[in-house]
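Student:
2 protein chains.
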Amino acid sequence: MTQDMTLLWGSGSPPCWRVMIALEEKDLQGCNQKLLSFEKYEHKSQEVLDINPRGQVPAFKHGDVIVNESYAACFYLESQFKSQGNQLIPDGPAEQAHVYQRMFEGLTFFEKLVAVVYYEWYIPEGERHDSALKRKREALATELKLWEGYLQKLGQGTFLAGPSFSLADVTVFPTVATAFRFGLPGERYPHLAEYYARLKERPSIKASWPPHWLENPKGQDTLKDI
Amino acid sequence: MTQDMTLLWGSGSPPCWRVMIALEEKDLQGCNQKLLSFEKYEHKSQEVLDINPRGQVPAFKHGDVIVNESYAACFYLESQFKSQGNQLIPDGPAEQAHVYQRMFEGLTFFEKLVAVVYYEWYIPEGERHDSALKRKREALATELKLWEGYLQKLGQGTFLAGPSFSLADVTVFPTVATAFRFGLPGERYPHLAEYYARLKERPSIKASWPPHWLENPKGQDTLKDI
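If you read the protein sequences in the order shown, they are chains A and B. Count the first sequence with UniProt numbering and you get residues 1 to 226, in order. Count the second sequence with UniProt numbering and you get residues 1 to 226, in order.
What follows is the structure, encoded as structure tokens:
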């Protein structure tokens with residue numbers, strides 16, 4: 001069932017990581033996974049372009065079915081393997097709504113994080129402004145407080161959308177982990193820190209941990225004052 | 001069933017429009033809809049904040065269930081009213097994957113459109129650069145060509161993800177319409193223009209057409225050279 005699945009991915013890319021966690025949660029460990037190097041521009045290689053014309057990873061194929069967008073792949077895997085592995089979308093209307101709501105707020109969280117930690121990567125030198133970066137950092141701090149509040153309200157030991165691990169965690173955990181990788185101070189965001197420390201030990205997440213983070217456990221300190 | 005549904009929305013907001021089209025397609029016309037004024041900052045009013053702490057529209061509530069993110073609301077409505085109105089997520093795995101894939105690529109399309117047509121709205125005067133706007137316009141042109149190609153490949157009379165209207169159209173049509181509102185030249189994007197002209201006549205879309213576009217049918221010409 002998994003021999004005809006191919007995932008091309010890059011280490012530390014939250015979108016790739018989402019799909020990898022989903023595969024683990026759905027017991028689809030046999031998928032052919034190929035790690036590509038961003039430094040060598042392998043995400044722009046013909047191998048990727050044949051699956052994803054945007055020249056981006058994840059590039060994901062199941063038989064003849066191509067689903068490259070990470071959220072699309074997560075929905076697809078949950079739908080096609082509903083009764084296999086862990087159920088990632090609950091049945092109850094309120095629980096389901098909660099998962100969807102947090103998943104899509106997660107895209108805003110990711111966007112605001114990327115805007116800060118990759119500011120110099122995305123904005124050419126002549127177009128950078130301290131005022132812009134300051135505004136982006138404030139927007140990220142507001143966003144982080146929102147998520148800290150969500151976890152606080154749910155209480156210790158819960159997940160992003162309630163008592164069960166769900167697609168909200170699959171899609172948003174990589175963003176949380178990236179924030180800590182870039183120096184988010186756990187003492188200022190204790191609920192996010194507890195969530196991060198707990199989820200790190202979850203088998204699906206441990207198995208898909210970015211290899212270059214394992215090799216070099218020290219990240220950056222971009223967010224140390226946020 | 002719809003008396004306990006409330007939607008707070010703003011005219012011309014693609015995220016609001018997505019939810020309104022979904023409500024129409026699922027035969028949920030009885031939902032309480034309240035039009036708010038962006039100019040009067042009503043999207044920051046207590047009424048909105050009570051449902052959506054982000055102070056954004058759409059703000060959507062069904063009984064005690066709150067789903068404000070437009071994609072979340074679309075998934076929720078399709079799931080809760082699966083057998084009512086039009087089916088918006090097909091059953092076949094390949095067809096479903098196609099809908100998901102285009103829906104999520106649609107977020108990139110929307111982001112690239114907004115970055116150009118609202119450039120001056122989002123970027124303070126002292127931080128604007130011709131080089132940045134030029135790059136954003138090129139990225140949008142590339143994106144538009146991609147969607148033009150998708151429609152060309154599917155052939156006339158089809159929808160964004162195949163022969164049937166789906167959540168891909170619910171979520172991406174408002175982006176296409178906004179591009180034309182801002183002067184996208186149909187002669188350069190004939191398949192997008194045909195799709196736009198055809199979908200404009202679809203009852204769910206006609207019924208939810210932005211009222212201020214009806215009052216003032218002439219838009220802007222920001223995209224006339226794209």
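We put the beta carbon where it would ideally sit given N, CA and C, even for glycine.
Are the beta-carbon atoms of B:G92 and B:D4 separated by less than 8 angstroms?
Tutor: Taking the first residue of the second sequence as 1, we reach residue 92 of chain B at position 92. Taking the first residue of the second sequence as 1, we reach residue 4 of chain B at position 4. Not in contact: B:G92 and B:D4 (Cβ atoms no closer than 8 angstroms).
Student: In terms of residue numbering, what span does the alpha helix (DSSP H) encompassing B:Q84 cover?
Tutor: By one-based count along the second sequence, residue 84 of chain B stands at place 84. Per DSSP, B:Q84 belongs to no alpha helix (DSSP H) and is neither H nor E.
Student: I think A:E111 touches B:F104, with their Cβ atoms under 8 angstroms apart; what is that distance to the nearest whole Å?
Tutor: Here residue 111 of chain A corresponds to residue number 111 of the first sequence, with the count starting at 1. Here residue 104 of chain B corresponds to residue number 104 of the second sequence, with the count starting at 1. Actually they do not touch by this definition, with Cβ atoms about 14 angstroms apart.
Student: What does A:F159 pair with, by DSSP beta-bridge criteria?
Tutor: By one-based count along the first sequence, residue 159 of chain A stands at place 159. Its beta-bridge partners are A:G162.
Student: Within 10 angstroms of the Cβ of residue 240 of chain A, are there 16 or more other Cβ atoms? Answer buried if so, exposed if not.
Tutor: Residue 240 of chain A falls outside the range modelled here, since chain A spans only 1 to 226, and no answer is possible.
Student: Pop quiz: B:G162 and B:D221 are said to be a contact at Cβ under 8 angstroms. What is the actual Cβ separation, rounded to whole angstroms?
Tutor: Here residue 162 of chain B corresponds to residue number 162 of the second sequence, with the count starting at 1. Here residue 221 of chain B corresponds to residue number 221 of the second sequence, with the count starting at 1. Contact flag wrong, Cβ pair sits at about 33 angstroms.
Student: Taking the alpha carbon of A:S11 as the reference point, which residue from A:K224, A:A207, A:I226, A:D225 has its own alpha carbon closest?
Tutor: Translated into the one-based positions of the first sequence, residue 11 of chain A becomes position 11. With distances taken between Cα atoms, A:S11 lies closest to A:A207.
Student: Kindly indicate the opening and closing residues of the alpha helix (DSSP H) around B:F110.
Tutor: As a first step, residue 110 of chain B must be located in the second sequence, where it is residue number 110. Here the alpha helix (DSSP H) through B:F110 covers 93-117.
Student: The beta strand (DSSP E) spanning A:L7 covers which residue range?
Tutor: Here residue 7 of chain A refers to the residue found at position 7 when the first sequence is read from its first residue. Looking at the DSSP string, the run of the beta strand (DSSP E) that includes A:L7 is 5-10.
Student: Between which residues of its own chain and A:L199 is the CB-CB distance below 6 angstroms, once the five residues before and five after are set aside?
Tutor: Here residue 199 of chain A is taken as the residue at index 199 of the first sequence, counted from 1. So the qualifying residues of the chain are F173, I205.
Student: Rounded to the nearest angstrom, how far is the Cβ of B:L113 from that of B:T178, given a contact under 8 angstroms?
Tutor: Against the second sequence, residue 113 of chain B aligns to sequence position 113. Against the second sequence, residue 178 of chain B aligns to sequence position 178. Correct: roughly 6 angstroms between the Cβ atoms.
Student: What three-state label does DSSP hand B:K33 in the structure shown?
Tutor: The residue labelled residue 33 of chain B in the question sits at position 33 within the second sequence. As written in the sequence, residue 33 of chain B is Gln, which differs from the Lys given in the question. Residue state, collapsed to three classes: strand.
Student: Any beta-carbon of chain B closer than 8 angstroms to the one on A:Y100?
Tutor: The sequence position of residue 100 of chain A within the first sequence is 100, counting from 1. Chain B contact via Cβ: present.
Student: Helix, strand or coil for A:K136? Go by DSSP, reduced to three states.
Tutor: Taking the first residue of the first sequence as position 1, residue 136 of chain A is located at position 136. Three-state DSSP puts A:K136 in a helix.
Student: Taking only the alpha-carbon atoms, compute the straight-line gap between B:R202 and B:S164 and give it to the nearest angstrom.
Tutor: Sequence index remark: in the second sequence, residue 202 of chain B carries index 202 (1-based). Sequence index remark: in the second sequence, residue 164 of chain B carries index 164 (1-based). Taking the straight line joining both Cα atoms gives about 13 angstroms.
Student: Could you give the DSSP three-state label for A:K61: helix, strand or coil?
Tutor: In the first sequence, counting from the first residue as 1, residue 61 of chain A sits at position 61. Strand at A:K61.
Student: What is the DSSP secondary structure of A:I226, counted as helix, strand or coil?
Tutor: Counted from its first residue, the first sequence places residue 226 of chain A at position 226. The answer is coil: DSSP assigns A:I226 none of H, G, I, E or B.
Student: What residues match up with residue 230 of chain A in a beta bridge as DSSP calls it?
Tutor: Outside the displayed span of chain A (1 to 226) sits residue 230 of chain A, for which this structure offers no information.
Student: What are the boundary residues of the alpha helix (DSSP H) that includes B:K206?
Tutor: Position 206 of the second sequence, counted from the start, is the residue given in the question as residue 206 of chain B. 203-207 is the span of the alpha helix (DSSP H), which, as asked, contains B:K206.
Student: Report yes or no: do three or more beta-carbon pairs, one from the stretch 76-94 of chain A and one from the stretch 49-59 of chain A, lie closer than 8 angstroms?
Tutor: As far as the Cβ criterion goes, the stretch 76-94 of chain A does not touch the stretch 49-59 of chain A, which means the pair count is below three.
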